[in-house]
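Everything on this sheet refers to the single structure shown next.
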Amino acid sequence: MTFPMNRASEWVTPSLQPAVLGILTLISLGVFLAGIWPKFRVLLRAAPDPRFDRPAKRLMNTLSIAFAQSKLFKNPAPGLMHAAIFWGFMVLLARAAQFFFIGFFPSAAFSFPGEAVWRGYSLFKDFTVLAVTLAVLYGLYRRLIVRPPRLNLSFQGNLILVLILVIMVTDVLFEGAFVAAHPQSGSPWEPLGTVAGRLFLAPLDPGVVANLHDFAYWGHVTAILFFLTLLPHSKHFHIITSIPNVFLSNVAGKGNLLRRIDFEAEGRESFGATRIEEFSWKALLDLHTCTECGRCDLFCPALKSGKPLSPKQLTLDLRDHLNRSTPRLLSPEPGAPGGDVPLLGGVIQDETVWSCTTCGACEEECPVMIEYVNKVVDLRRGLVLSESRYPAELKAAFKSLETNSNPWGFGRDSRADWARGLDVKLWDKDKPTEYLYFVGCNGAFDARGKKIAASVVSLLKSANVDFSILGVDEGCTGDPARRAGNEYLFDLLASQNAETFKERGVKKVIVHCPHCFNSLKNEYPEFGVNLEVVHHSELLEKLLQEGRLKTSPESDMRTVYHDSCYLGRHNKIYDAPRAVLSAKTAAPLEPENRRERGTCCGAGGARFLLEEKTGTRMSHQRVDELMATNPKTIAVSCPFCVLMLEDGLKAKNLADQVKVLDISEILGANPP
Ligand code: SF4
Ligand code: SF4
2 MTFPMNRASE WVTPSLQPAV LGILTLISLG VFLAGIWPKF RVLLRAAPDP RFDRPAKRLM
62 NTLSIAFAQS KLFKNPAPGL MHAAIFWGFM VLLARAAQFF FIGFFPSAAF SFPGEAVWRG
122 YSLFKDFTVL AVTLAVLYGL YRRLIVRPPR LNLSFQGNLI LVLILVIMVT DVLFEGAFVA
182 AHPQSGSPWE PLGTVAGRLF LAPLDPGVVA NLHDFAYWGH VTAILFFLTL LPHSKHFHII
242 TSIPNVFLSN VAGKGNLLRR IDFEAEGRES FGATRIEEFS WKALLDLHTC TECGRCDLFC
302 PALKSGKPLS PKQLTLDLRD HLNRSTPRLL SPEPGAPGGD VPLLGGVIQD ETVWSCTTCG
362 ACEEECPVMI EYVNKVVDLR RGLVLSESRY PAELKAAFKS LETNSNPWGF GRDSRADWAR
422 GLDVKLWDKD KPTEYLYFVG CNGAFDARGK KIAASVVSLL KSANVDFSIL GVDEGCTGDP
482 ARRAGNEYLF DLLASQNAET FKERGVKKVI VHCPHCFNSL KNEYPEFGVN LEVVHHSELL
542 EKLLQEGRLK TSPESDMRTV YHDSCYLGRH NKIYDAPRAV LSAKTAAPLE PENRRERGTC
602 CGAGGARFLL EEKTGTRMSH QRVDELMATN PKTIAVSCPF CVLMLEDGLK AKNLADQVKV
662 LDISEILGAN PP
């Protein structure tokens, strides 16, 4: 099938038209490439970070998150707006190619195999133009009238929306003017241009119509080219980087801190990130990908409780510093200027770095899969390992972890005292039990934690689970050391435990602490042990299903369930603890912020070791959210959440009215 080409312009003679368009295109491409090339070179020089494993999973993520825009629909109206623009962009790429084709080949006839396909595309294209126009108008309304606080309302953001609007309007005008000049060319397959041409443009003077046709053509291609030149210098650079950024995102799971440091590598002078170029290339790609949408700020417990940490601002500060540092990073001269403010204590304040609980709420929301926890921990590594600057409370904790393998200074030889009188077997490598119960530091040493451990033991015994413990040979997983930036200490502790597991032939592990769970399951494979790690909520659910655990339901518990970040967001275990609770009580009450959006209690990221001096305590904040359901019991499946929430209840004089219980305590007969 052959189509009339809607010849580009009468303003420029046909023979010069390709040259004019060619010059405009070359200039724009030159400006575009000059903008992205330095960024690309910096990425090439940044620290390595292997991100090409598990291609099928990466592809699925890309299809679901980047192309289907799944994360954006958590906020339906703005999500739909963004999705309409993104999908429209995909559909209209072919239309843009057509505009450039007819500009470069004004007298060519355009052949297309398959009339039905072309008609279908034309109709779909018009529908897309309409949808994108409405989405842009809604976007402008939000930015200019509603002005949500989470957005950065920059001039450039508005300009880009206006440019998209110009591209849509000129598309219709171009076609409409052609239909007005050639009435027989209108078609129901091109409804917008046909209606515009026949109803609004046909009555106009033919000279005016011809000028409108030319204006529409050059307006359309100029807006596209101008848009291209703006991309590398604005937040809209994410149009280029977001699809690769999603493809290259962390597929090992949120809880897995990537990049174990090789302390033996020669020539290493500093560890962690003390300068912007010490981040991995993927971390830097993240910075270029931020859309400034502010979704990451919405559920950050640190920001909400008044700490000096806004995840969005952290990214923007790092990105701006990266851009300022680029000339220095690419200069052959040592000491070239650019980005001279120190990263730690200058661009990013220490308190900002220590405010993070590594809860992952920001990552859960980010529509382009920007990673925060890795960056925060890299900054902490820089502070701890390279600059020896960290909160005083951590000094004692590091010392105790190193000498006693727990953060609180208890003697290593008292690690098994919690099990006295409980008749628990010690692991015997010649007669191994099915499971090892890894009780963790909290269960072994904390008075409240010991009660939870006793409950777990009691349930395992009544269900005849074959298990034993390591006793004094168990050590801290190293999770608090790692999250506090002391990777060296984590390496030491994890290596010791890994050796024990290997030497004793441990294969299956039960834990009740989500931090131990996360570390053993996701981080120990780097130490050569691939354990089957089961959280007690999962095992209890299974034992209930198999009828190995019996329970008598209580109807009057009014129990609200609080999701632990390291069990839920980091490891996607949401249903098992709820199923366990449902066996004992009516379906648990749900706070407004739950599951993927559950608010952190404030303990994660080694924050349970630190004083909370600024703003509201995060545990108090979470207690307020939970108390809105008017519960009698707060159910949790993390011993650190128990401590934090009990502290919150005490501070609010609610401890006599509301209890915080681990799910094992609710299910079993061993309440504290
Ligand atoms: S990990 Fe949690 S505390 Fe840290 S920045 Fe993200 S949302 Fe805030
Ligand atoms: S990091 Fe992600 S969620 Fe936060 S502002 Fe940037 S794009 Fe939005």
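The numbering used here puts the sequence shown at residues 2 to 673. All C-beta atoms, glycine included, are put in the ideal place defined by N, C-alpha and C. These numbers come from a predicted model, not from an experiment.
Checklist entry - Just the Cα atoms here: how many angstroms apart are V512 and F227? => result 57 Å
Worksheet entry | Whether L541 touches I664 by CB criterion (8 Å) | yes
The segment 337-357 contacting the segment 226-244, beta-carbon criterion three pairs below 8 Å: no
- Message: According to DSSP, T634 sits in a beta bridge with which residue or residues?
- Response: T560, K660
Original post:
Should G548 be listed as close to ligand 2, given that the test is whether its C-beta is under 7 Å from any heavy atom?
Top reply: no
- prompt: Is A485 closer than 8 Å to R381 when the C-beta atoms are compared?
  reply: Result yes, Cβ atoms of R381 and A485 sit closer than 8 Å.
| Going by DSSP, which residues form a beta bridge with Y438? | I511
Inset, instruction - Round the Cβ separation of R120 and W190 to the nearest angstrom and send it over; I've been treating them as touching at under 8 Å. - result: Contact flag correct, Cβ pair sits at about 4 Å.
Query - Sheet register partners of A48 (DSSP bridge) - result: Answer is S281, bridged to A48.
_Is V377 close to ligand 1? I mean its beta-carbon at under 7 Å from any heavy atom of the ligand._
yes
Please report the distance separating the alpha-carbon of P19 from that of A109.
12 Å
Next item on the list: Report, in whole angstroms, the separation of the C-beta atoms of G605 and D564, which I expect to be a contact under 8 Å.
Entry: That pair is no contact at about 12 Å.
- Local Cβ density within 10 Å of R390, reported as buried at 16 or more and exposed below that: Exposed: under 16 other Cβ atoms inside 10 Å.
Is R46 near ligand 2, going by C-beta to nearest heavy atom under 7 Å?
Ligand 2 never approaches R46 closely enough for any of its heavy atoms to be under 7 Å from the residue's Cβ.
key: Beta-carbon separation (whole angstroms), I86 vs M370, contact threshold 8 Å   = 19 Å between Cβ atoms; not a contact.
Less than 8 Å between the beta carbons of R296 and C367, yes or no? yes
*Can you name the start and end residues of the alpha helix (DSSP H) that V1 belongs to?*
Outside the displayed range of the chain (2 to 673) lies residue 1, so it cannot be described from this structure.
**Q.** heavy atom of ligand 1 below 7 Å from P515 C-beta
**A.** For ligand 1, not one heavy atom lies less than 7 Å from the Cβ of P515.
* To do: Quick one: which unbroken alpha helix (DSSP H) runs of 4-plus residues sit fully inside the segment 194-272? Chain order, please.
  => 207-231, 239-248
In angstroms, rounded to a whole number, what distance separates the CA positions of P298 and G23?
For clarity, residue 298 is Asp in the given sequence; the question names Pro instead. One C-alpha to the other measures close to 44 Å.
*Identify whether F1 lies in helix, strand or coil by the three-state DSSP scheme.*
Missing from the structure shown is residue 1; the chain here goes from 2 to 673 and no further.
Taking the alpha-carbon of D657 as reference, which of I635, S29, P640, C642 has the nearest alpha-carbon? I635
Notebook entry, point to check: How is the beta strand (DSSP E) around V534 delimited, first residue to last?
Noted result: Where V534 is concerned, the enclosing beta strand (DSSP E) stretches over 533-536.
**Report entry** For I574, three-class secondary structure by DSSP
**Finding:** coil
Quick one: give me the first and last residue of the alpha helix (DSSP H) that F179 is part of. It spans 156-182 - the alpha helix (DSSP H) in which F179 sits, taken as one unbroken run.
Note to self: Can you look up L590 in the DSSP assignment and give me helix, strand or coil?
What the structure shows: strand
Contact set for N671: own chain, Cβ-Cβ below 7 Å, skip 5 residues either direction | Here N671 scores only 40 on pLDDT, less than 50, and its place in the model should not be relied on; the value that follows carries that caveat. These residues qualify, in order along the chain: A455, S456, S459.
Review point. Using CA coordinates, which residue listed in V581, A284, L582 is at the minimum distance from D379?
Key: A284
Check your understanding: Cβ of E366 within 7 Å of any heavy atom in ligand 3?
Key -> For ligand 3, the structure offers nothing, since it holds only ligand 1 and ligand 2.
>> Could you tell me which whole alpha helix (DSSP H) segments of length 4 or greater appear in the segment 292-378?
In response: 296-299, 302-305, 312-331, 351-356, 362-366
Exercise. Could you tell me if F175 is buried or exposed, where buried requires 16 or more neighbouring beta carbons within 10 angstroms of its beta carbon?
Key: buried
Point to revise | Nearest to F101 (by Cα), restricted to the options D341, T223, V466 | key: T223
In three-state terms, what does DSSP make of L427?
-> Residue state, collapsed to three classes: strand.
message: Spatial neighbours of M645 within its chain, please: C-beta separation below 6 Å, excluding the five flanking residues on both sides.
response: C602, G603, A604, S620
Does the Cβ of V374 lie closer than 7 Å to at least one heavy atom of ligand 2?
no
Q: With DSSP collapsed to three states, give me the class of S665.
A: helix
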